Amino acid sequence: VGTGSDKWLAKHPPPKNTKTRKQVAAQLKTLADKASQVYDRYTTAQDKDATETVPAVHKALQEALYGAGTSTKKAEEGKTVNAKNSYVASCKTTAPGLSLYGDMLCICGLAAGTSSDECFKTGIAIDWTNDATAVLADVQKKCPKAPAALALTAAHLEAAIATFGARVRHGTNAGDTQHFLGKQSAGSCTGVTGQLCFVYDTFYEGNSKAGHLAIPWIRQLSTAAAKLREHEAAVVDIKDATAALKQLQAMAWTIYSIPDTDEAAAHQVTSKEKLQKTQQACDQHKSNKTTCESTDKWE
1 VGTGSDKWLA
11 KHPPPKNTKT
21 RKQVAAQLKT
31 LADKASQVYD
41 RYTTAQDKDA
51 TETVPAVHKA
61 LQEALYGAGT
71 STKKAEEGKT
81 VNAKNSYVAS
91 CKTTAPGLSL
101 YGDMLCICGL
111 AAGTSSDECF
121 KTGIAIDWTN
131 DATAVLADVQ
141 KKCPKAPAAL
151 ALTAAHLEAA
161 IATFGARVRH
171 GTNAGDTQHF
181 LGKQSAGSCT
191 GVTGQLCFVY
201 DTFYEGNSKA
211 GHLAIPWIRQ
221 LSTAAAKLRE
231 HEAAVVDIKD
241 ATAALKQLQA
251 MAWTIYSIPD
261 TDEAAAHQVT
271 SKEKLQKTQQ
281 ACDQHKSNKT
291 TCESTDKWE
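Each residue of the sequence shown is one higher than the last, beginning at 1 in UniProt numbering.
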């Protein structure tokens with residue numbers, strides 16, 4: 001009979017023995033205090049991960065792909081590429097690497113806007129004379145797909161960043177070192193077949209320690225990797241807290257289920273026991289004979 005906690009208590013009554021009941025209550029309070037601490041840790045980790053860390057990962061990844069400040073998964077002029085109708089303005093030394101997709105358009109598309117098979121078996125016309133970003137969806141479809149079972153981790157991103165850095169080439173152009181990705185001919189990156197590249201000199205000159213790590217979309221990937229590490233740590237914390245709560249629950253149930261015992265009945269002193277106690281008192285205090293004899297007569 002009853003609902004909620006009342007119904008549960010009806011099925012699982014607490015110990016009747018006062019001493020046992022107090023012991024159980026004290027132990028359960030200790031467990032409850034511990035469980036409260038663990039639950040606070042659990043909710044804090046879960047809330048921060050869901051409201052801060054995971055959104056930060058998604059934001060950093062999106063801005064790495066499409067450029068800083070983009071709010072949709074679509075290319076935007078000035079964010080994805082510097083100028084959607086200028087290979088020179090978007091791909092050569094005057095332009096920063098705004099986005100990963102922007103750099104792909106530079107490496108895979110001819111400045112003249114004609115069909116190119118530099119990156120794909122089947123050519124795609126990336127029209128830098130009008131709007132190179134118009135065919136971004138087609139370029140994306142050509143990208144290799146990661147195995148479905150492969151989860152994105154901080155380690156994967158960090159490995160990809162390191163691999164990219166190792167593939168940046170360091171050639172010469174008119175005697176000066178040039179840092180680029182793609183193909184050059186005699187230090188030239190003109191946007192014709194065999195000379196499709198992206199020049200990263202801006203991020204190496206006077207910035208030798210950072211190098212490729214200073215490229216905007218690489219910085220975003222680094223941010224995503226750092227946030228992924230926070231997410232991975234939060235997942236472990238949540239998992240550990242969940243296991244701890246289950247263990248505390250099991251311990252609480254074990255304590256609550258301690259077999260109950262009947263309280264011992266109050267002992268009734270018999271006349272014989274009273275006489276024995278009186279005799280002991282007489283012997284102890286050497287009471288006079290009359291007192292002890294009068295006690296015997298009452299028996």
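The beta carbon of each residue, even a glycine, is placed where N, CA and C say it ideally should be. Quick caveat, the model's predicted, so the values are computed rather than measured.
Whole-number beta carbon distance between residue j and residue i, since they are thought to touch under 8 angstroms
i	j	result
residue 65	residue 99	6 angstroms
residue 168	residue 200	6 angstroms
residue 31	residue 252	5 angstroms
residue 91	residue 191	7 angstroms
residue 179	residue 57	With a Cβ gap of about 29 angstroms, residue 179 and residue 57 do not count as contacting.
residue 163	residue 110	Their Cβ separation, rounded to whole angstroms, is 26 angstroms, which puts residue 163 and residue 110 out of contact at 8 angstroms.
residue 248	residue 24	About 15 angstroms separates the two Cβ atoms, so there is no contact after all.
residue 142	residue 120	5 angstroms
residue 314	residue 13	The shown model of the chain, from 1 to 299, leaves out residue 314, and the question about it has no answer.
residue 198	residue 213	Residue 198 to residue 213, Cβ: 16 angstroms. No contact.
residue 220	residue 63	5 angstroms
Residue i - DSSP class collapsed to helix/strand/coil
i	result
residue 61	helix
residue 49	helix
residue 71	coil
residue 126	coil
residue 90	helix
residue 116	strand
residue 109	coil
residue 181	strand
residue 30	helix
residue 80	coil
residue 9	helix
residue 97	coil
residue 292	The pLDDT assigned to residue 292 is 49, lower than 50, so where the model puts this residue is not dependable; a value taken from the coordinates is nonetheless given after this. Helix, per DSSP.
residue 17	coil
Start-to-end residues for the alpha helix (DSSP H) that takes in residue i
i	result
residue 163	154-167
residue 141	136-142
Three or more beta-carbon pairs under 8 angstroms between the region 146-161 and the region 225-239, yes or no? yes
Runs of alpha helix (DSSP H) wholly within the region 184-260 (minimum 4 residues, chain order): 216-256
Assess contact between the region 235-248 and the region 41-60, defined as three or more Cβ pairs (one per stretch) separated by less than 8 angstroms. Is contact present? Yes, since at least three Cβ pairs between the region 235-248 and the region 41-60 fall closer than 8 angstroms, the two stretches touch.
Assess contact between the region 69-80 and the region 118-136, defined as three or more Cβ pairs (one per stretch) separated by less than 8 angstroms. Is contact present? yes
Flag this pair as touching only if the region 83-92 and the region 104-111 have three or more C-beta atom pairs under 8 angstroms; answer yes or no. yes
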